[in-house]
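Residue numbers for the sequence shown, in the working numbering: 42 to 381.
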Amino acid sequence: MLFPTSIAGSFPKPSWLAEPNKLWAPWKLEGAELEIGKRDATLLAVKLQEDSGITYLTDGEQARQHFVHGFLEKVDGIDFAHKIEMGIRKDRYKAMVPQVVAPVKLKGRVHASEARAARAHTKNKLKFTLPGPMTIIDTLADHHYHDRVQMAFAFAELLNQEALALQEDGVDLIQFDEPAFNVFTDEVSSWGVEALTRAAKGLTCETGVHICYGYGIKANNDWKESLGHEWRQYEQIFPAIDASPIQHVAIECKNSHVPLSLLGLLHNKTIQCGVIDVGSDAVETPEDVAATIAEVMKVVPKERIIATTNCGMAPMRRDIAEAKLKALGDGAKLARERFG
Ligand code: ZN
């Protein structure tokens, strides 16, 4: 089928589970009730995507507070009790981050519950997102390794363990989220892609990497204003990614200043092209979605196009996210009728 669909990863959580419309939103439940709440929210996210005709479903990242810290919470060697403020993404914004204080090691499975819950309740393909090694090391403070690259490879091994286990759980596509790739562009080719490849080692399911200019929050929107009319950061990193064994590249296309011609640098990748803007509450029409797909088709053969959201929808209003989800499903259907 042409133009399969997927969301980048996250979907807004119900207001009974976590405070709405914010990143790092505090949970509203605790203990056993929180675990049940996470499972119920996962099933809701799966159902909403199925009803909208989405092809690769995700768990909506309902069981994690943040796309990086959700993984780190299950890692030994990290001190969460003494977080410190750090400028992340080259000081684009400040975040309270935990500290690495000893060699890192998984405490056990990280995402088994939500992956299995999602798998048990849909026959559609299942995509699962994990943070990439470079993005992880940019979202915590290092008081042990004293070497960014060594620490990234330590995390790549842990990611690989969890990714292989998710594959066993029945996940069809593992996607590593690497927003740090377009911040530390020089390091992508020197070690970033190699660390990512280590994280994906031995996987026989589909694999992907999501790179982006961030959620539609103010710090990101201000940064984007400073980047000028054309965003060409990807030009520096696409050749290294194209040479890697990672199969999908997920990037934003809708209302993006990235020249779509840069996608031509990815000669053999499936492109998950963002056709839904998560930085705006204006809901796209199916016609808008089909038009963005048509633009991408000028550069990428249609057989290699998946339609997706520009980035995660975690901080969005839930009613708007649901409307955008429907526009994504309906727009891809329209594109199939028109370009199939
Ligand atoms: Zn993103």
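Glycine residues also receive a C-beta, built at the ideal position from the N, C-alpha and C atoms.
query	result
Distance cut-off 7 Å: A260 Cβ against heavy atoms of the ligand ZN	no
Distance cut-off 7 Å: A364 Cβ against heavy atoms of the ligand ZN	no
Cβ neighbour criterion (16 or more within 10 Å) applied to T172	In the sequence under discussion, the amino acid at residue 172 is Pro, which differs from the Thr named in the question. With 16 or more Cβ atoms within 10 Å of its Cβ, P172 is classed as buried.
Alpha helix (DSSP H) runs wholly inside the segment 166-225, at least 4 long, in chain order	174-178 and 189-209
Coarse secondary structure for Q103, derived from DSSP in three states	coil
The segment 277-288 touching the segment 73-86, judged by at least three CB pairs closer than 8 Å	no
Exposure of T30, with buried meaning 16 or more beta-carbon neighbours within 10 Å	Given a span of 42 to 381 for the chain in the structure shown, any question on residue 30 remains unanswerable.
Per DSSP, cross-strand counterpart(s) of Y254	DSSP lists no partner for Y254.
Top-ranked residue by Cα proximity to V250, from E328, I178, L237 and V224	L237
Test item: CB-CB of K295 and T333 under 8 Å	yes
Distance, K69 Cα to W57 Cα	6 Å
Run of the beta strand (DSSP E) containing K242, from where it starts to where it stops	First-last for K242: undefined, no H or E at that position.
Anticipated Cβ contact below 8 Å, V142 with D117, distance rounded	Not really, about 10 Å apart at Cβ, beyond 8 Å.
H123 beta carbon less than 8 Å from that of L207	no
Endpoints, the beta strand (DSSP E) within which K124 is located	V116 to I129
Chain-ordered list of residues that sit, by beta carbon, closer than 5 Å to a heavy atom of the ligand ZN	C253 and C352
For K259 and P356, the rounded distance between their alpha carbons	12 Å
8 Å CB neighbourhood of D179 in its chain, flanking five on each side removed	I129, R130, A221, V224 and F225
Own chain partners of H107 with C-beta closer than 7 Å, once the 5 adjacent residues on each side are dropped	L64 and W65
CB-CB length for I312 against R345, believed under 8 Å	6 Å
Counterpart residues of L98 in DSSP-defined beta bridges	L167
Candidates A368, G381 and R379, of which the one nearest I95 by Cα	A368
M137: first and last residue of the uninterrupted alpha helix (DSSP H) it sits in	First-last for M137: Y134 to L147, but that is the beta strand (DSSP E), not the alpha helix (DSSP H).
Contact under 8 Å by Cβ, K168 with Q216	yes
Secondary structure, beta strand (DSSP E): runs of 3+ residues fully inside the segment 324-352	346-350
Exposure label - H298; buried when at least 16 CB within 10 Å	exposed
Same chain, Cβ closer than 6 Å to P55, neighbours up to 5 away in sequence not counted	A82
Contacts around D360, its chain only, beta-carbon distance under 8 Å, and the 5 residues preceding and following it disregarded	none
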